[in-house]
Each structure stands twice: as C-alpha cells, then as structure tokens.
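If you read the protein sequences in the order shown, they are chains G and R.
The numbering of the first sequence is my numbering, which starts it at 1 and goes up by one.
The numbering of the second sequence is my numbering, which starts it at 1001 and goes up by one.
Where is the CB? At the ideal position from N, CA and C, for every residue including glycine.
Predicted, not measured: the structure shown is a model, and the values here were computed from it.
These notes are about the structure you will find just below.
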Amino acid sequence: NAGVTQTPKFQVLKTGQSMTLQCAQDMNHEYMSWYRQDPGMGLRLIHYSVGAGITDQGEVPNGYNVSRSTTEDFPLRLLSAAPSQTSVYFCATGGTPNTGELFFGEGSRLTVL
Amino acid sequence: AQSVAQPEDQVNVAEGNPLTVKCTYSVSGNPYLFWYVQYPNRGLQFLLKYITGDNLVKGSYGFEAEFNKSQTSFHLKKPSALVSDSALYFCAVRDRGYSTLTFGKGTMLLVSP
C-alpha cells in the first residue's frame, strides 16, 4: 500500500520551461490537493479537487494548472516556470470531507534558475 | 476567511520537561482543528484533531491538545519531551463550511538532551 506517491522528488528547471509534478494515491480518496512550502510561510494551498472532474483554486493558484481525470491522479502543471516557483511541493489527500485528516506525499523539491 | 497563528518560530525544551506549542485560530463558525508534524525532508504526518466533544484531545506519540473556544486556542502539549520529538509542528484549521485546510507557519521544536 503506497499511500500518496509524488514524482519527481527533485527537479531543476530553467525560467520559462514547463513541467508536471505527478501525484498518485491508492487510498480511494475523493479529496486531493497541492500545497507549496516556503521558509517562514508555512504551507499554502495551490489547487484542490473534491472528486474526478472537479477542481478549484486555493490561495496561490497563479502559474499552476491542475486536472482530475481519475480518482487516483492529480497532476500539477507549471506552464512557464519562474524563480518565484522555487519551493517544495506537497500533494495531500483526504477521505472524509471536513473532519478527516490529510495524508501527505514525501514532497517534490523544485528549483527554477 | 479562516486563519491560524503560531506565535513562536521555535520552542526549546530540555528532555524530560513538559512542552507546549501554541496555536490560535480564526474562523467564522465552529472549527475543525489539527496538528501535524514534519521531520526533515519528509511529508507532514497527522498527530491529532479536534472535531467535537471533549476539549482535551489525545493523539500519537503521547501528544495531546486542548481546545479552548473562548481563547480560540488549540495548544499542543506533551508531559515529558523526548529528543526524538524535535521536528517542525504545524497547526491547521478548517471552517465547517469549507473544504480546504489552512495551515500556520509552523513552529520548530528543539529538545535538548
């Protein structure tokens, strides 16, 4: 039982390049989300999804796209990377709306030069 | 809007002493409250949650937290700290009308031998 799997774990991009961070879960959770973690800023929500075909914006959505075609996968796309997107990205899933805890992946460390 | 404040960037405590990590919150209605822990280069792990009922909540690894509605606080406590408790701790809140979880900026707990 893998839980929440994020790939890649590390990535270096040049400004203007695009890439996709992958998130896959095998817990059959309806809720999936992406956070970014920056020093002194805590975790900030980028996008989230409450089920296949449904996505919504979080606190810091600019520069990122998501889609949810299946229950298992929730990829995060950077369309044109900027140095301000240098961060550690976490995917988190949850099974019970509102009252349930989130389960986190191990993180993806992205550096944009 | 929902928000969380963790007023201390770092808490230092000697092994065997009690520890407290502070958290205050702001929501429009009744809150769901959570504590998570993050070890270096890892994702966040769930510690405990308050949904309803008893104001004192017990969680993993001997941690507990007390919900105080009048002070809008949810402080994390442990009677006797261990060196292995050293980590980054996050408080989080969800308004019962929302589906997203808002995190504080985190408090680094350092337990000295």
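By the Cβ rule, the region 1058-1076 of chain R does not count as touching the region 99-107 of chain G, because fewer than three pairs are nearer than 8 Å. Looking at the DSSP output, R36 (chain G) shares a beta bridge with G:R44, G:Y89. Within its own chain, the residues whose Cβ lies closer than 6 Å to the Cβ of Y1050 (chain R), once the five positions on either side in sequence are excluded, are L1033, V1057, F1067, listed in chain order. Under the three-state reduction of DSSP output, P1018 (chain R) falls in the coil class, being neither helix nor strand.
As the crow flies, the alpha-carbon of K1069 (chain R) is around 38 Å from that of T86 (chain G). In terms of Cα proximity to S1084 (chain R), the closest of R:S1026, R:A1014, R:E1008 is R:A1014.
Taken atom to atom, the span from the alpha-carbon of V12 (chain G) to that of A82 (chain G) is near 11 Å. By the Cβ rule, the region 1006-1020 of chain R does not count as touching the region 71-82 of chain G, because fewer than three pairs are nearer than 8 Å. For T71 (chain G), there is no enclosing beta strand (DSSP E), as DSSP marks it with neither H nor E. If you ignore the 5 residues before and after Q1010 (chain R), its C-beta comes within less than 6 Å of the C-beta of M1108, all in its own chain and listed in chain order. Taking a C-beta cut-off of 7 Å against chain G, the contacting residues of the region 1016-1034 of chain R are Y1032, F1034, listed in chain order.
Legend: CB atoms of the region 11-41 of chain G lying less than 8 Å from CB atoms of chain R belong to residues Y31, S33, Y35, G40, M41. Under the 7 Å criterion on CB atoms, L1044 (chain R) is classed as interfacial with respect to chain G. Note on geometry: alpha-carbon atoms of Q17 (chain G) and L78 (chain G) lie some 8 Å from one another. DSSP, reduced to helix, strand and coil, places P1031 (chain R) within a strand of the structure shown. Not a single C-beta of chain G is nearer than 7 Å to the C-beta of T1072 (chain R). The alpha carbon of N62 (chain G) has as its nearest neighbour, out of G:I46, G:Y31, G:T55, the alpha carbon of G:I46. Counting only residues of its own chain and dropping the five nearest sequence neighbours on each side, V50 (chain G) has a CB closer than 8 Å to the CB of E30, Y31, D56, P97. For the region 50-64 of chain G, the set of positions with a beta-carbon nearer than 7 Å to some beta-carbon of chain R reads V50, G58 in chain order. Judged by beta-carbon spacing, Q22 (chain G) lies within the 7 Å limit of T7 (chain G), meaning their Cβ atoms are closer than that value. L43 (chain G) is a Cβ neighbour of F1103 (chain R), given a cutoff of 7 Å. Under the DSSP assignment, S1026 (chain R) falls in the beta strand (DSSP E) whose first and last residues are 1024-1026.
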